[in-house]
Amino acid sequence: MADLGLYLRLFASQTRAQAQYRTSLWLDVVGSVLMGVLDLSAVVVLFRAGGVVAGFATAEALLIAAIATIGFAVADLLVGNMDTVRNLVRTGRMDAVLLRPLGAFGQLVAMDFQPRRAGRLVVAVTLLPIAASWAGVDWTGTRVAAVLLAVVGGSLLFGAIFTGTGTVAFWWIDSGEFGNSFTYGGRDFSTFPVGIYGSVFRRIFAYGFGLGFAGYYPALLVLGRADPLGAPDWFGWLTPAVGLLACLVAALLWRTGIRRYRSTGS
Amino acid sequence: MYLALARAGFRRYATYRIATLAGASTNITFGFLRCYALLAVATATGGSISGYDRPRLATFVWGSQGALAVIAIWDTYEQAERIRTGDVVVDLQRPVDPVWHLLAVDFGRAGFQVLTRFTLPLVAGALVFDLYAPRHLVTYPLFAVSMVLAVVVCFACRHLVQCAAYWMLDVRGPQVLWALLSGLLSGLYFPLWLLPEPLATLLVYGTPIASMIQAPMDILVERADHAYVLLAVQAGWAVAMVATARGVQRRAERKLVVQGG
Chain H
1 MADLGLYLRL FASQTRAQAQ YRTSLWLDVV GSVLMGVLDL SAVVVLFRAG GVVAGFATAE
61 ALLIAAIATI GFAVADLLVG NMDTVRNLVR TGRMDAVLLR PLGAFGQLVA MDFQPRRAGR
121 LVVAVTLLPI AASWAGVDWT GTRVAAVLLA VVGGSLLFGA IFTGTGTVAF WWIDSGEFGN
181 SFTYGGRDFS TFPVGIYGSV FRRIFAYGFG LGFAGYYPAL LVLGRADPLG APDWFGWLTP
241 AVGLLACLVA ALLWRTGIRR YRSTGS
Chain D
1 MYLALARAGF RRYATYRIAT LAGASTNITF GFLRCYALLA VATATGGSIS GYDRPRLATF
61 VWGSQGALAV IAIWDTYEQA ERIRTGDVVV DLQRPVDPVW HLLAVDFGRA GFQVLTRFTL
121 PLVAGALVFD LYAPRHLVTY PLFAVSMVLA VVVCFACRHL VQCAAYWMLD VRGPQVLWAL
181 LSGLLSGLYF PLWLLPEPLA TLLVYGTPIA SMIQAPMDIL VERADHAYVL LAVQAGWAVA
241 MVATARGVQR RAERKLVVQG G
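Quick note, the sequences are listed as chains H and D, same order.
Residue numbering for the first sequence follows this note's numbering, starting at 1 and increasing by one per position.
Residue numbering for the second sequence follows this note's numbering, starting at 1 and increasing by one per position.
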């Protein structure tokens, strides 16, 4: 626990450093909020253009997107900079991280903590009740619980995906944008009803990577409707379990990766 | 000499084979995501939407996933970093106009990406989806010209974003805004014609960003018979943006203060 003070210091120094370039910081905050709005606006544009798509109206689709986006945004805020691991490995700066007497994972999280990433989270949290009331959701205790569990599970799941894809750099130094397929691609996947995807693609992402549980299945519980594809209702409660399982896999990958790390030497 | 610069640009990117594959695989994943989403919308409206039928939509998506690497839409870091560290001075001392110099290198890079990152997503898309092959022979050269203009417009826009570093040093803010606007307004996320009128027309013709993807893709899928109008608009934006980029570059050079060390 003595380490906690150190991490907090790293957080504080990061925040102070970023506040030095004021114009850039503000553009960044505005950009982050706008990004949240525009991400979700793609859902609105497509569903407005199509009317009812794959059995879902615009409001229902927005609810799916809002739940999934909250999970993604929390993970992005906390461990989103795991996709910079590849830069550290490539430039050899990972050595410095490993030499310091603090856990590597914690350092990486604290080293590039970006409060401005909160914009997307703010947008999604605001949108959730709006989309729900538009879709005519009748809030009961069970439905509130379903949303909360979905958000916790979704954050764990996306956090695991960020970490897991970050570790790819330990094996594959020049992996470039490879991880984006699963982090940002995963976010895009989970903002739509899974019924729109072709069956092979859907199975890989919705079940293989668990992304159907980030927004779609919990949203069905909240909307009180059955899955047009025939999945049972209780799927909506599985999100935390899926998130934990994903974290377990990511932790294993991370440990193996760190142990396997060889400096690039430059 | 510009040819030599272009060749160097080509060779530099050809070195990173694995990164090219990684990038293409990401484009392919997003191709699937966007393609399924748009096709579901088309299904909901009875097979075609805003002048695109299903094969045209699929071709639009897979073509744009390939084109985004050719124009390097999100590649806004290197020059900004050189400005921040002061390395840019070396570039400015060369007896070449910096904008033309960088553009030549960029053409070399684009040439390499056409062979790899443009082709791979299109092949992947063609394996799974029904794509649209242009009916008119003239579309192929028109599309090629359109892509060249798209590369120029995108280069000039990215150069402007990076030039912000001359004034602000930390350009993460402008970079984020650019990443955002360029994705949405270029037609990468969805064809701009899906938006309500008159917004769609305004965006397609009124911003340089639409000249980067929307215009070449509309020409490729022969959406309407106005390929020449699109080309003219693209050419106009190319001239305007390169002129702006050079103007800003000249002002920036006067403003530049290199930090010692």
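Backbone N, C-alpha and C fix where the C-beta goes; we use that ideal spot for every residue, glycine too.
This structure is a prediction, so every number in the text was calculated from the model and none was measured.
Own chain residues within Cβ distance below 7 Å of residue i, not counting five before or after
{"i": "L256 of chain D", "result": "Y166"}
{"i": "F190 of chain D", "result": "L38"}
{"i": "W254 of chain H", "result": "F105, T163, T167"}
{"i": "G136 of chain H", "result": "none"}
{"i": "G212 of chain H", "result": "V194, A206"}
Residue i versus the options, residue with shortest Cα-Cα distance
{"i": "L25 of chain H", "options": "D:Y16, D:L169, D:A19", "result": "D:L169"}
{"i": "R117 of chain H", "options": "H:G136, H:L77, H:V44", "result": "H:L77"}
{"i": "C35 of chain D", "options": "D:L131, D:M241, D:L137, D:R11", "result": "D:L131"}
{"i": "A265 of chain D", "options": "D:L103, D:L202, D:D91, D:L188", "result": "Here chain D comprises residues numbered 1 to 261, so residue 265 of chain D is not present and cannot be evaluated."}
{"i": "F294 of chain H", "options": "H:L248, H:Y216, H:G185, H:R86", "result": "Since the first residue shown for chain H is 1 and the last is 266, residue 294 of chain H is missing from the structure and cannot be characterised."}
{"i": "G108 of chain D", "options": "D:P95, D:V123, D:A133, D:V148", "result": "D:V148"}
{"i": "F72 of chain H", "options": "H:R202, H:G198, H:G185", "result": "H:G185"}
{"i": "E81 of chain D", "options": "D:A164, D:A19, D:T26", "result": "D:A164"}
{"i": "L115 of chain D", "options": "D:W74, D:P141, D:A67", "result": "D:A67"}
{"i": "L122 of chain D", "options": "D:Q214, D:R172, D:Q65, D:M1", "result": "D:Q65"}
{"i": "Y228 of chain D", "options": "D:F155, D:I71, D:A133, D:S211", "result": "D:S211"}
{"i": "G51 of chain H", "options": "D:A133, D:T45, D:R54", "result": "D:T45"}
{"i": "G31 of chain D", "options": "H:V242, H:D188, H:L223", "result": "H:D188"}
{"i": "V37 of chain H", "options": "H:F178, H:R143, H:G119, H:T140", "result": "H:G119"}
Below-8 Å beta-carbon distance, residue i vs any chain H residue
{"i": "S25 of chain D", "result": "yes"}
{"i": "I209 of chain D", "result": "no"}
{"i": "L199 of chain D", "result": "no"}
{"i": "P55 of chain D", "result": "no"}
{"i": "G247 of chain D", "result": "no"}
{"i": "L180 of chain D", "result": "yes"}
{"i": "A22 of chain D", "result": "yes"}
{"i": "Y77 of chain D", "result": "no"}
{"i": "R172 of chain D", "result": "yes"}
{"i": "T29 of chain D", "result": "yes"}
{"i": "T59 of chain D", "result": "no"}
{"i": "G261 of chain D", "result": "Residue placement at G261 of chain D is poorly supported in this model, since its pLDDT is 46, which falls under 50; the coordinates are not used for a value here."}
{"i": "I49 of chain D", "result": "yes"}
{"i": "M168 of chain D", "result": "yes"}
Short CB-CB distance (under 8 Å) between residue i and chain D
{"i": "A54 of chain H", "result": "yes"}
{"i": "L211 of chain H", "result": "no"}
{"i": "A49 of chain H", "result": "yes"}
{"i": "S181 of chain H", "result": "yes"}
{"i": "Y197 of chain H", "result": "yes"}
{"i": "F72 of chain H", "result": "no"}
{"i": "T15 of chain H", "result": "no"}
Sequence-distant residues of the same chain with beta carbon closer than 6 Å to residue i, five excluded per side
{"i": "G195 of chain H", "result": "A54, P228, L229"}
{"i": "F47 of chain H", "result": "V53, T58, A61"}
{"i": "Q175 of chain D", "result": "T76"}
{"i": "F40 of chain H", "result": "This sequence places Leu at residue 40 of chain H; Phe is not what is there. Contacts found: A65."}
{"i": "R158 of chain D", "result": "T76"}
{"i": "L120 of chain D", "result": "A24"}
{"i": "R223 of chain D", "result": "G51"}
{"i": "L27 of chain H", "result": "none"}
{"i": "W237 of chain D", "result": "V153, P208, S211"}
Cα-Cα separation between residue i and residue j, rounded to whole angstroms
{"i": "G261 of chain D", "j": "T85 of chain D", "result": "Confidence is the limiting factor: at G261 of chain D the pLDDT is only 46, short of 50, which leaves the residue's position unreliable, though a coordinate-based value still follows. Rounded to the nearest angstrom, the two C-alpha atoms are 10 Å apart."}
{"i": "T167 of chain H", "j": "A214 of chain H", "result": "22 Å"}
{"i": "A251 of chain H", "j": "R56 of chain D", "result": "43 Å"}
{"i": "N87 of chain H", "j": "A69 of chain D", "result": "20 Å"}
{"i": "I219 of chain D", "j": "V90 of chain D", "result": "41 Å"}
{"i": "S48 of chain D", "j": "P216 of chain D", "result": "20 Å"}
{"i": "D3 of chain H", "j": "R100 of chain H", "result": "12 Å"}
{"i": "R94 of chain D", "j": "A110 of chain D", "result": "23 Å"}
{"i": "L5 of chain D", "j": "V138 of chain D", "result": "31 Å"}
{"i": "L245 of chain H", "j": "L156 of chain H", "result": "9 Å"}
{"i": "I71 of chain D", "j": "V233 of chain D", "result": "17 Å"}
{"i": "A42 of chain H", "j": "L192 of chain D", "result": "11 Å"}
{"i": "M82 of chain H", "j": "S146 of chain D", "result": "38 Å"}
{"i": "C247 of chain H", "j": "R259 of chain H", "result": "18 Å"}
{"i": "Q113 of chain D", "j": "V242 of chain D", "result": "22 Å"}
Start and end residues, alpha helix (DSSP H) containing residue i
{"i": "F60 of chain D", "result": "54 to 70"}
{"i": "D218 of chain D", "result": "214 to 220"}
{"i": "T26 of chain D", "result": "17 to 44"}
{"i": "M168 of chain D", "result": "139 to 168"}
{"i": "W237 of chain D", "result": "227 to 255"}
{"i": "R90 of chain H", "result": "85 to 91"}
{"i": "A104 of chain H", "result": "104 to 111"}
{"i": "L229 of chain H", "result": "Premise fails: L229 of chain H is in no alpha helix (DSSP H) and is neither H nor E."}
Contact with chain A by residue i, beta-carbon distance below 8 Å
{"i": "I258 of chain H", "result": "Absent from the structure is chain A; the protein chains it does hold are H and D."}
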